[in-house]
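A.B. asks: Dropping a structure here in structure tokens format, bear with me for questions.
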Amino acid sequence: MVTAEDVAQLTAQVTELSRQNQDLRQRLSLIHGHSDLSAMIVSAVPQALLPDSANISSSLSRDSITEYHDAAERLSLDMSSSESEDELSDEDDANPPAADASNQASSSTVAAASGSADASPGGAANDASTTGASAAGLEVATTGRREVLPVPQPDGGNLSLFNILCRNIGKDLTSVRMPIASNEPLNALQRLCEELEYSSLLDQAAAAKDPLERLVLVVAFAVSAYACTATRSAKKPFNPLLGETYECVREDRGWKFISEQVSHHPPVAACHCESDAWEFWQDCRLRNKFWGKSLEAQPLGAIRLRFKDSGELFQWNKVTTCIYNLFSSSRYIDHYGELTVQGPVQGSQARLTFHKGGSISGVCRAGSNGPETAVFGRWNESLFAGREHTARCVWRSGALPPHSASYYGFTRFAIELNELQDCLVSVLPVTDTRFRPDQRLLEVGDLDNAEAQKLRLENKQRSRQTPVQPRWFRQLSSDKSWEFRREYWSARESKFAGIDLPDLFD
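Laid out in structure tokens, this is it:
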């Protein structure tokens with residue numbers, strides 16, 4: 058017998074189904090409108106000759122959720138491990154396995170390489186080998202910066218990490234020097250800057266009035282820092298020399314960034330970035346574990362973000378990163394662990410779990426008794442906020458440039474980081490990474506001279522009598538973190554006149 062309660066439940070279900078049906082109709086109508094080909098503008102210029110603005114890396118917002126897949130893959134770790142407090146360094150072995158000390162590059166060779174790396178699209182560097190690059194006259198993006206590296210990634214020969222480690226059995230892994238073929242033409246300071254690729258999320262957060270929305274956007278930014286690593290497991294960044302710096306001024310993005318290598322043992326890099334609406338800073342040190350077939354890196358140190366209008370301070374940690382199948386061509390990277398974002402008021406917090414396999418899930422709460430929302434996604438793809446079937450996309454990773462696999466798996470933003478524009482040559486300090494010859498030579502594909510220069514710079518640092526002291530950051534006694542002195546940009550205005558900067562590269 059049907060009761061009144063049964064009728065009420067059925068009525069409620071019908072109402073809910075009707076609401077969902079209406080919602081789906083609206084979504085389909087929106088999709089149909091965007092897919093109307095009659096409104097498409099057809100240019101008389103062939104599309105291949107136009108800048109590919111549709112693929113420019115940027116954070117995207119969506120009104121509706123796209124199909125979401127959980128990772129089916131599950132990872133496993135070998136059970137025997139050796140642990141090291143320091144970052145794997147390739148600077149401390151006086152007898153490297155793959156270096157030839159007699160093969161020194163002359164200064165003229167380095168200068169020529171530096172010039173060819175930033176030559177015009179019609180220059181010799183681009184004539185040599187630019188397979189997969191865009192048309193010669195269109196290698197500069199709408200930002201005025203390059204869209205492709207000077208040459209594709211060179212063949213590293215028979216580089217075998219397994220053989221290198223076998224030749225160094227019994228040595229501390231932190232002292233094993235790796236050949237330059239294992240590097241990409243960026244260093245750890247530039248990789249810190251690369252975490253700001255989706256800084257537009259911070260601009261949105263600064264403009265958000267709702268505390269929960271601001272927290273969700275900060276969480277999305279924290280997740281977005283991992284997206285660029287998905288295609289970068291094959292190579293490692295250069296280890297900066299002590300005192301090495303890297304600046305990046307992006308008027309198009311509204312911020313300026315400075316980083317410095319402040320410690321060599323253990324390796325520590327510090328950075329600071331500032332816009333009109335926010336400032337961001339961090340110092341990073343890695344604790345490594347070698348598990349036989351995988352390498353696990355546990356970052357130490359906190360990331361901090363302050364919004365200038367309200368003074369609100371957010372702080373979060375980084376999760377564990379692991380590279381699997383170290384000795385195989387099927388090497389890949391994953392991130393896992395707990396990421397906690399602490400907000401400005403009591404109870405304002407986000408807790409995210411990076412699951413092995415790539416998925417993320419967690420909850421954002423705006424205060425002890427405030428509203429909350431679920432967040433989920435994948436660190437290399439996107440992040441959603443809300444209920445699973447009605448969630449909105451807060452962030453989505455940008456598309457990789459064409460033939461990215463031939464250019465170290467770099468994103469568009471990464472391709473721009475080591476560019477030495479003519480207008481910067483007389484402005485940058487002599488310690489800036491872009492003047493580092495071994496990295497520049499690798500970028501133009503000259504492995505032999507790059508290897509020789511790398512060995513020369515490392516020997517020079519090792520034999521220096523007086524250690525270089527950090528100039529732009531100072532260590533706080535309270536928590537041992539590193540604080541920006543706020544002197545760099547004023548010194549830059551005077552082109553660092555009267556400042557005794559260390560000679561790191563000559």
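With positions in the sequence shown counted from 1, the corresponding number in my numbering is that position plus 57.
For each residue, glycine too, the CB sits at the ideal point set by N, CA and C.
1) Checking the sheet assignment: what are the DSSP bridge partners for Q532?
2) Quick test of your reading: V205 and Y464, contact by CB under 8 Å. State the CB separation rounded to the nearest angstrom.
3) Going by other Cβ atoms of all chains shown within 10 Å of its Cβ, with 16 needed for buried, is S100 buried or exposed?
4) Below 8 Å between beta carbons: does that hold for V306 and L362?
5) Decide if F384 is buried, meaning its Cβ has at least 16 other Cβ atoms within 10 Å, or exposed.
6) Within the chosen definition, does the stretch 428-439 reach the stretch 395-405 through at least 3 CB pairs nearer than 8 Å?
7) On the DSSP bridge assignment, give the partners of E416 in chain order.
8) Taking the alpha carbon of Q79 as the point to measure from, which residue in F541, Q518, V325, T447 has its own alpha carbon closest?
9) Does the Cβ of I417 have 16 or more other Cβ atoms within 10 Å, making it buried, or fewer, making it exposed?
10) Counting only the same chain and skipping the five closest in sequence on each side, list residues whose C-beta sits under 6 Å from that of A61.
11) Mind checking whether Q496 and F295 have CB atoms under 8 Å apart?
12) To the nearest angstrom, how far is the alpha carbon of N382 from that of S239?
13) Could you tell me which of S256, S281, Q261 sits nearest to E438, measuring between CA atoms?
14) Which of helix, strand or coil does DSSP assign to F314?
15) The beta strand (DSSP E) that contains E241, what's its start and end?
16) Can you tell me the Cα-Cα spacing of Q339 and Y393, whole angstroms?
17) Pull up the distance between the alpha-carbon of A359 and that of G466, whole angstroms please.
18) Are the beta-carbon atoms of P559 and V525 separated by less than 8 Å?
19) List the whole-angstrom C-beta distance separating I390 from A287, where the pair is believed to meet the contact cut-off of C-beta under 8 Å.
20) K511: buried (16+ other C-beta within 10 angstroms of its C-beta) or exposed?
21) On the CB-based measure, 16 or more other CB atoms within 10 Å of its CB, does D489 come out buried or exposed?
22) Pull up the distance between the alpha-carbon of E142 and that of A326, whole angstroms please.
23) In the DSSP assignment, what are the bridge partners of G394?
24) Identify the continuous beta strand (DSSP E) that holds K517 and give its terminal residues.
25) Within this structure, are the beta carbons of G419 and R408 separated by less than 8 Å?
26) Would you kindly check if the distance between the Cβ of E317 and the Cβ of W529 is under 8 Å?
C.D. replies: Taking the definition as stated:
1) For the purposes of this step, residue 532 is identified with residue 475 of the sequence shown, where counting begins at 1. DSSP output for Q532 lists W539 as bridge partner(s).
2) Within the sequence shown, residue 205 is the residue found at index 148, counting from 1. Within the sequence shown, residue 464 is the residue found at index 407, counting from 1. Confirmed, about 7 Å.
3) Here residue 100 is taken as the residue at index 43 of the sequence shown, counted from 1. Caution applies to S100, whose pLDDT of 38 falls short of 50 and renders its modelled position unreliable; the model cannot decide the point.
4) Counting from one through the sequence shown, the residue named residue 306 turns up at place 249. Counting from one through the sequence shown, the residue named residue 362 turns up at place 305. No, these two residues do not count as a Cβ contact at 8 Å.
5) Residue mapping note: residue 384 aligns to position 327 of the sequence shown, counting from 1. Exposed is the call here.
6) no
7) Counting from 1 along the sequence shown, the entry for residue 416 is found at position 359. For the record, residue 416 in the displayed sequence is Ser; it is not Glu. R435, per the DSSP bridge assignment.
8) The sequence position of residue 79 within the sequence shown is 22, counting from 1. Ranking the options by Cα distance to Q79, first place goes to T447.
9) For the purposes of this step, residue 417 is identified with residue 360 of the sequence shown, where counting begins at 1. Buried: at least 16 other Cβ atoms inside 10 Å.
10) Sequence index remark: in the sequence shown, residue 61 carries index 4 (1-based). Cβ within range, chain order: n/a, list empty.
11) Translated into the one-based positions of the sequence shown, residue 496 becomes position 439. Translated into the one-based positions of the sequence shown, residue 295 becomes position 238. The answer is yes: Cβ separation under 8 Å.
12) Stepping through the sequence shown from its first residue, residue 382 is reached at position 325. Stepping through the sequence shown from its first residue, residue 239 is reached at position 182. Answer to the nearest angstrom: the Cα atoms are 15 Å apart.
13) One-based indexing of the sequence shown puts residue 438 at position 381. When only C-alpha atoms are compared, the closest one is S281.
14) Position 257 of the sequence shown holds residue 314. Strand.
15) In the sequence shown, residue 241 corresponds to position 184, counting from 1. It spans 240-244 - the beta strand (DSSP E) in which E241 sits, taken as one unbroken run.
16) Along the sequence shown, one-based indexing puts residue 339 at 282. Along the sequence shown, one-based indexing puts residue 393 at 336. Each residue's alpha carbon lies about 20 Å from the other.
17) As a first step, residue 359 is located in the sequence shown; it is residue number 302 there, counting from the start. As a first step, residue 466 is located in the sequence shown; it is residue number 409 there, counting from the start. Answer to the nearest angstrom: the Cα atoms are 27 Å apart.
18) Residue numbering aside, residue 559 sits at position 502 when the sequence shown is read from its first letter. Residue numbering aside, residue 525 sits at position 468 when the sequence shown is read from its first letter. Yes; because the gap between Cβ atoms is below 8 Å, this pair is in contact.
19) Sequence index remark: in the sequence shown, residue 390 carries index 333 (1-based). Sequence index remark: in the sequence shown, residue 287 carries index 230 (1-based). At roughly 7 Å, the Cβ-Cβ gap stays under 8 Å, so I390 and A287 are in contact.
20) For the purposes of this step, residue 511 is taken as the residue at position 454 of the sequence shown. Buried, since its Cβ has 16 or more Cβ neighbours within 10 Å.
21) As a working note, residue 489 is residue 432 in the sequence shown. Per the 10 Å Cβ criterion, buried.
22) Looking up residue 142 in the sequence shown gives position 85. Looking up residue 326 in the sequence shown gives position 269. For E142, the predicted structure reports a pLDDT of 46, less than 50, and the residue's modelled location is therefore unreliable. The matter cannot be settled from this model.
23) Position 337 of the sequence shown, counted from the first residue, corresponds to residue 394. Answer is F411, bridged to G394.
24) If you number the sequence shown from 1, residue 517 lands on position 460. No beta strand (DSSP E) contains K517, which is instead part of the alpha helix (DSSP H) from 504-520.
25) In the sequence shown, residue 419 corresponds to position 362, counting from 1. In the sequence shown, residue 408 corresponds to position 351, counting from 1. Yes, they are a contact pair.
26) Numbered from 1 along the sequence shown, position 472 holds the residue referred to as residue 529. Numbered from 1 along the sequence shown, position 260 holds the residue referred to as residue 317. Yes; because the gap between Cβ atoms is below 8 Å, this pair is in contact.
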